[in-house]
Amino acid sequence: MLAKKAGVTGSFFDPVIIFALLSYSNTNPFLQVFLLKRSLSSRQCTLVLILFTTLSILTLLWYGRTHQDNEFRAFAQAFFLEEVQANPIHFHYTIDNPSAYGVDESSLTLPVYQPGDAANEVCALSLAREELGRINPGALNEENRRLYELLDSYLLAAASTAAYPYFSEPLSPSSGLPSELPILFSEYRLDDKADIENYLSILTQIPSYFEGLLVYEQEKADAGLFMSDLTADRVIRQCSELLDASDLKDGSHFLEITFNDRLQRLAEKKILSAEEVDSYVSKHNRLLTTVVLPAYDRLADGLTVLKGSGKTTCGLAGQENGRDYYRALVRLRTGSYRDIDEIKRLLAKDLRFNYESLFSLLAANPALKEMIAETPSLLPEMTPEEILADLQSEIGVEYPPIPAGRDNAPIRSTIKYVDASLEAYSAPAFYMMPPIDNICDNLICLNAKDTEDDLALFTTLAHEGYPGHLYQTVYSKRYQEQQNILPLGNVLYYGGFVEGWAMYVELDSFDRAIELAEESHPEAAAYYQVCRLDRQFRLGLYSLLDIAIHYDNASFEDVQRLCYCLGINDSANLAALYQYIAEEPCNYLKYYLGYLEILELKKQAAVLWSEPNQVTAVYNDTEFLYRFHSFLLQNGPADYRTLARRLAAE
Numbered sequence: 001m002l003a004k005k006a007g008v009t010g011s012f013f014d015p016v017i018i019f020a021l022l023s024y025s026n027t028n029p030f031l032q033v034f035l036l037k038r039s040l041s042s043r044q045c046t047l048v049l050i051l052f053t054t055l056s057i058l059t060l061l062w063y064g065r066t067h068q069d070n071e072f073r074a075f076a077q078a079f080f081l082e083e084v085q086a087n088p089i090h091f092h093y094t095i096d097n098p099s100a101y102g103v104d105e106s107s108l109t110l111p112v113y114q115p116g117d118a119a120n121e122v123c124a125l126s127l128a129r130e131e132l133g134r135i136n137p138g139a140l141n142e143e144n145r146r147l148y149e150l151l152d153s154y155l156l157a158a159a160s161t162a163a164y165p166y167f168s169e170p171l172s173p174s175s176g177l178p179s180e181l182p183i184l185f186s187e188y189r190l191d192d193k194a195d196i197e198n199y200l201s202i203l204t205q206i207p208s209y210f211e212g213l214l215v216y217e218q219e220k221a222d223a224g225l226f227m228s229d230l231t232a233d234r235v236i237r238q239c240s241e242l243l244d245a246s247d248l249k250d251g252s253h254f255l256e257i258t259f260n261d262r263l264q265r266l267a268e269k270k271i272l273s274a275e276e277v278d279s280y281v282s283k284h285n286r287l288l289t290t291v292v293l294p295a296y297d298r299l300a301d302g303l304t305v306l307k308g309s310g311k312t313t314c315g316l317a318g319q320e321n322g323r324d325y326y327r328a329l330v331r332l333r334t335g336s337y338r339d340i341d342e343i344k345r346l347l348a349k350d351l352r353f354n355y356e357s358l359f360s361l362l363a364a365n366p367a368l369k370e371m372i373a374e375t376p377s378l379l380p381e382m383t384p385e386e387i388l389a390d391l392q393s394e395i396g397v398e399y400p401p402i403p404a405g406r407d408n409a410p411i412r413s414t415i416k417y418v419d420a421s422l423e424a425y426s427a428p429a430f431y432m433m434p435p436i437d438n439i440c441d442n443l444i445c446l447n448a449k450d451t452e453d454d455l456a457l458f459t460t461l462a463h464e465g466y467p468g469h470l471y472q473t474v475y476s477k478r479y480q481e482q483q484n485i486l487p488l489g490n491v492l493y494y495g496g497f498v499e500g501w502a503m504y505v506e507l508d509s510f511d512r513a514i515e516l517a518e519e520s521h522p523e524a525a526a527y528y529q530v531c532r533l534d535r536q537f538r539l540g541l542y543s544l545l546d547i548a549i550h551y552d553n554a555s556f557e558d559v560q561r562l563c564y565c566l567g568i569n570d571s572a573n574l575a576a577l578y579q580y581i582a583e584e585p586c587n588y589l590k591y592y593l594g595y596l597e598i599l600e601l602k603k604q605a606a607v608l609w610s611e612p613n614q615v616t617a618v619y620n621d622t623e624f625l626y627r628f629h630s631f632l633l634q635n636g637p638a639d640y641r642t643l644a645r646r647l648a649a650e
């Protein structure tokens, strides 16, 4: 208040100020000297006046910065809590201790879509950005300013896609809610009775939740943007297969089995009595049969009614404003700020290099073609747990250690296989992110049908575990905790960074596979190099096809002709690929463009960190890699424009 008034009046000898100074002088030695030493010379008085004015200005600046930081922290915390509470399932997977955030988890309910909600979302995002804009980022400390920039760019990117409200597809056969919910329910954390009650409450809300989804699908149909008949048939079939009435009746459904298993563990810990277990099991089975199953049936019936209102089976480019939406979606999903033509050039250059390298290697090693057909097992025999332990032990040289947590608790990991009934709908593997306030226990789920050979299992565990998702997630959370960084980033979507990192380390893990295999199998080096190049070639090709289908309006026949020229001529597989890409825009780009953006950052770092007599730093030098990986882990997840700016400022 003192400094503020001095700065506002412009006159040091304002009577109000003199009174304030006299009052304040009792505790301020500097002011005692100024007020009591009446024999000071004019020059000394001027000097003291300058010093005091400087202190006043500095106090004002400090107050201004502190005020803005506090305002931003309040905004960021409110935004985080609003986002994380929007869905009780999301909340439960994100927060372990709700009371620490002042949240009553039992009060949270599933968001039921209301008519017009999708069209209103862009307004809500724009208002949030407008509110954020009232805070001056230049007055924030460095960490808050970084979070401000992330949130601002995220809100803009999210609003850009929300401007096209009916292109999104929450019921996608590959990643939509019908197949996602059973997985989330089967792994829903049950630590006490409150968790059980909350979970059972969520099951009772599924009918209204699905009714809301049908309202949205009706609006999509009215806008001429309902899914194709082929996609609708796949979703309808999922609804009957995922919640099979006969399995539920005889108690063999995986949701019943996994629920029983979790309750038995609570009984072993004396948290539940045998009678309580029986009661909860009975209630759970009844809800699955009388509430959840009919909800899935009703969803299937609703889609059957809407079937036929979809206008096309091709990509977004075939729809009005589809190309504009796709441009916005690429930015949001991948975090890349390149225009589409530049992305094409980047992908095409990489594709050409991998294609030429692949065929050069095959020409030099004719025996490789036979090995590719046989997919031999060349790695030492190891369990998934042993593979993960090996990968973890090998990252210490080029990757930084995970920071110690506040309680210094060890990081544990569990590997399990998805239920056979989910194999057709699940990814080859997935990592279940732990709550941000309890990251010690981590789960990796494998799909047996996609990880049958030893190399696929090895590289998949690198992608999902060390140094992939598990390592990156735990490192980021521990680092944020250590630096006291707000949890805001946990509700911002940076799929291009997260999957780009996992793809980067997956491809790097082929080198470790070669080390393990070539002692007993000298041919492993060339074979695994071919496998890596083939993986890169296919992902690069699929990413280019994503752009071709959704931006250039390529038909199936266009894609088929291109793939035939590249030696890919299985019509059935190509049809399935085309359908998948048409249903999942940007999915391959999220992985592979994200990976290529990391390589571009790596090149940038090599130039920026070079010694005076070097053009670039030693690109794959251990010290350089350690520093580069540390930079990514400490600054991500983020979009790649933000990362490039931070790298330039290092």
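Sequential numbering of the sequence shown, starting at 1, is according to our numbering. For each residue, glycine too, the CB sits at the ideal point set by N, CA and C. Quick caveat: nothing in here was measured; it's all calculated off a predicted structure.
Q: List the whole-angstrom C-beta distance separating residue 281 from residue 243, where the pair is believed to meet the contact cut-off of C-beta under 8 angstroms.
A: 18 angstroms between Cβ atoms; not a contact.
Q. In three-state terms, what does DSSP make of residue 413?
A. It is a strand residue.
Q. Given 8 angstroms as the limit, is there contact between the segment 452-462 and the segment 377-395, that is, 3 or more CB pairs closer than that?
A. yes
Q.
Within 10 Å of its beta-carbon, does residue 36 have 16 or more other beta-carbons around it, so buried, or fewer, so exposed?
A. Confidence is the limiting factor: at residue 36 the pLDDT is only 37, short of 50, which leaves the residue's position unreliable and the question unanswerable from this model.
Q | Beta-carbon proximity check, residue 550 vs residue 317, cutoff 8 angstroms | A | Closer than 8 angstroms, so yes.
Q. When the Cα atoms are used, what is the spatial distance from residue 219 to residue 84?
A. 26 angstroms
Q: Pick out whichever of 234, 532, 183 and 156 has its Cα sitting closest to the Cα of residue 420.
A: 183
Q: Taking only the alpha-carbon atoms, compute the straight-line gap between residue 63 and residue 133 and give it to the nearest angstrom.
A: No answer about residue 63 holds up, because its pLDDT of 49 lies below 50 and its placement is not dependable.
Q. By DSSP, does residue 547 sit in helix, in strand, or in coil?
A. helix
Q: Can you say whether residue 675 is buried or exposed, counting buried as having 16 or more other CB atoms within 10 angstroms of its CB?
A: Outside the shown range of the chain (1 to 650) lies residue 675, about which nothing can therefore be said.
Q.
For residue 518 and residue 351, I'd like the C-alpha separation in whole angstroms.
A. 27 angstroms
Q. Could you give the C-beta distance for residue 162 and residue 121, rounded to a whole number, given that I count them as a contact under 8 angstroms?
A. 4 angstroms
Q. For residue 475 versus residue 402, is the C-beta distance shorter than 8 angstroms?
A. yes
**Q.** Alpha-carbon spacing of residue 146 relative to residue 152, whole angstroms
**A.** 10 angstroms
Q) Fully enclosed by the segment 563-617, which alpha helix (DSSP H) runs are 4 residues long or longer? A) 571-583 and 587-608
Q: Consult DSSP for residue 34 and reduce its assignment to one of helix, strand or coil.
A: Bear in mind that the predicted position of residue 34 carries a pLDDT of just 32, short of 50, making it unreliable; the figure below should be weighed with that in mind. Correct three-state label for residue 34: helix.
Q. Should the segment 105-124 be regarded as contacting the segment 190-206, the criterion being three or more beta carbon pairs within less than 8 angstroms?
A. Output reads yes: the segment 190-206 touches the segment 105-124.
Q) Is the segment 138-145 close to the segment 66-80, with three or more CB pairs under 8 angstroms? A) yes
Q: Report yes or no: do three or more beta-carbon pairs, one from the segment 361-377 and one from the segment 524-531, lie closer than 8 angstroms?
A: yes
Q: State the CB to CB distance for the pair residue 192 and residue 89, rounded to an integer number of angstroms; the pair is presumed to be in contact (CB under 8 angstroms).
A: The pair is not a contact, with the Cβ atoms about 17 angstroms apart (cut-off 8 angstroms).
Q) Buried or exposed: residue 483, going by 16 or more other Cβ atoms within 10 Å of its Cβ? A) Counting Cβ neighbours within 10 Å, residue 483 comes out exposed, since fewer than 16 surround it.
Q. Per DSSP, residue 490 is paired with what?
A. Residue 490 pairs with nothing; no bridge assigned.
Q | Distance between beta carbons of residue 358 and residue 534, contact taken as under 8 angstroms | A | 6 angstroms
(Q) Going by DSSP in three states, residue 354 sits in which element: helix, strand or coil? (A) helix
Q: Please state whether DSSP places residue 442 in a helix, a strand or coil.
A: Strand.
Q. Excluding five sequence neighbours on each side, which residues of the same chain lie with their C-beta closer than 8 angstroms to the C-beta of residue 584?
A. 172, 174 and 175
Q: Could you give the DSSP three-state label for residue 223: helix, strand or coil?
A: Here residue 223 sits in coil by DSSP.
Q. Hey, how far is the Cα of residue 409 from the Cα of residue 442?
A. 13 angstroms
Q) Which residues bound the beta strand (DSSP E) around residue 274? A) Premise fails: residue 274 lies in the alpha helix (DSSP H), 274-287, not in any beta strand (DSSP E).
Q | Beta-carbon proximity of residue 149 to residue 642, cut-off 8 angstroms | A | yes
Q. So what's residue 167 in DSSP terms, helix, strand or just coil?
A. Coil at residue 167, not helix or strand.
Q. Taking residue 605 as the reference, which of 590, 594, 625 and 586 has the closest Cα?
A. Taking residue 605 as reference, the option from 590, 594, 625 and 586 with the minimal CA-CA separation is 625.
Q: Pick helix, strand or coil for residue 638, following the three-state DSSP scheme.
A: coil
**Q.** Span of the alpha helix (DSSP H) around residue 513
**A.** 495-517
Q | Buried versus exposed, by CB contacts within 10 Å (16 or more), residue 164 | A | buried
Q) In three-state DSSP terms, what is residue 25? A) At residue 25, the pLDDT of 39 sits below 50, so the modelled position is not reliable and the matter cannot be decided from this model.
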